[in-house]
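Accompanying notes for the structure given below.
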Amino acid sequence: MEINKHYFDTVIIGSGLAGCRAAIECINHGTVGVLSKLYPTRSHSTAAQGGIGAALGNEEEDSPEWHTYDTVKGSDFLGDQDAIEIMCYDAIPTIIELEHMGVPFSRTPEGKIAQRRFGGHTREFGKAPVRRACYSADRTGHAVLFALYEQCQLKGVRFFQEFQVLDIVVENNAVQGIIAVNIKDGSLHVFESKAVIIASGGYGKVFKVTSNAYASTGECLSMLFRQ
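Heads up: take any position in the sequence shown, counting from 1, add 352, and you land on the numbering used here.
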């Protein structure tokens with residue numbers, strides 16, 4: 353069987369929000385190939401509706417410290433607290449960055465990014481609910497993914513849609529690339545790269561019941577668990 357070979361500085365597995373955002377960053381440092389079992393804008397990220405937590409304080413007083421508290425408490429104190437703190441403080445510039453990339457967030461009458469209440473968002477360390485979730489009507493994930501995908505196209509990211517990853521190539525304890533099959537015609541493809549980023553979504557199928565789409569297999573995570 354003929355094996356098709358490809359060469360990229362970075363290969364990303366998954367074309368959802370994480371995969372597309374990673375591609376936008378990596379394309380500034382070299383060539384990028386993104387693989388997806390679906391067409392990129394059909395990724396499960398489009399199912400996210402509620403919003404993105406960020407203590408902008410556009411609707412009422414809020415703070416990243418309160419956001420950090422809620423996140424640590426929400427993880428039953430099992431989360432990496434240093435990572436949680438970074439996430440909550442970086443959430444504010446990240447929302448502004450997404451806005452500048454073209455995400456059409458819903459707006460307040462004054463024109464600011466609108467925010468609404470969402471589970472676990474409180475002010476003053478749990479005293480009362482707070483409006484912290486930045487949203488785009490009831491299709492936040494859809495709006496963000498389309499904006500990120502458009503930026504990827506503008507920057508020259510190469511997408512391989514309808515490709516199923518079969519294995520991650522590891523040699524001398526270093527990742528060398530991946531092996532994938534083109535679902536449409538069954539052809540085998542080897543992607544050699546300096547780095548591989550796994551953005552294949554959650555591994556919800558380890559549970560009997562999951563809200564993940566049927567196509568969301570978290571396949572690369574399952575590979576790592578098997579190894």
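Here a beta-carbon is modelled for each residue, glycine too, at the ideal position from N, C-alpha and C.
Since we're looking at a predicted model, the values are computed, not measured.
Item, Value
"Taking residue 362 as the reference, which of 561, 545, 556, 551 has the closest Cα?", "545"
"What's the gap between the Cα of residue 510 and the Cα of residue 480?", "46 Å"
"How far does the alpha helix (DSSP H) with residue 438 in it extend, from its first residue to its last?", "433-453"
"Could you check whether the stretch 383-390 touches the stretch 435-450, counting it as contact only if at least three pairs of C-beta atoms, one from each stretch, sit closer than 8 Å?", "no"
"Three-state secondary structure (DSSP) at residue 579?", "The predicted model places residue 579 with a pLDDT of 49, which falls under 50 and marks its position as unreliable, so this point remains unresolved."
"Between the alpha carbons of residue 555 and residue 414, how many angstroms are there, rounded?", "33 Å"
"Cβ of residue 443 within 8 Å of Cβ of residue 405?", "yes"
"Across the stretch 531-539 and the stretch 418-437, are there enough close Cβ pairs to call them in contact, namely three or more that are closer than 8 Å?", "no"
"Does the distance from the C-beta atom of residue 608 to that of residue 540 stay below 8 Å?", "The question about residue 608 has no answer, for the chain in this structure spans 353 to 579."
"Which residues mark the beginning and the end of the alpha helix (DSSP H) in which residue 381 is found?", "Premise fails: residue 381 is in no alpha helix (DSSP H) and is neither H nor E."
"When DSSP labels each residue in this structure, what does residue 476 get in the three-state scheme?", "coil"
"Please identify the residue among 547, 569, 409, 392 whose C-alpha is closest to the C-alpha of residue 448.", "409"
"Could you name the residues of the same chain whose beta carbon sits closer than 6 Å to that of residue 357, not counting the 5 residues immediately before and after it, in chain order?", "542"
"DSSP has residue 363 in a bridge; who is on the other side?", "385, 548"
"Could you tell me which residues DSSP puts in a beta bridge with residue 540?", "355, 533"
"Determine whether the beta carbon atoms of residue 483 and residue 468 lie at a separation below 8 Å.", "yes"
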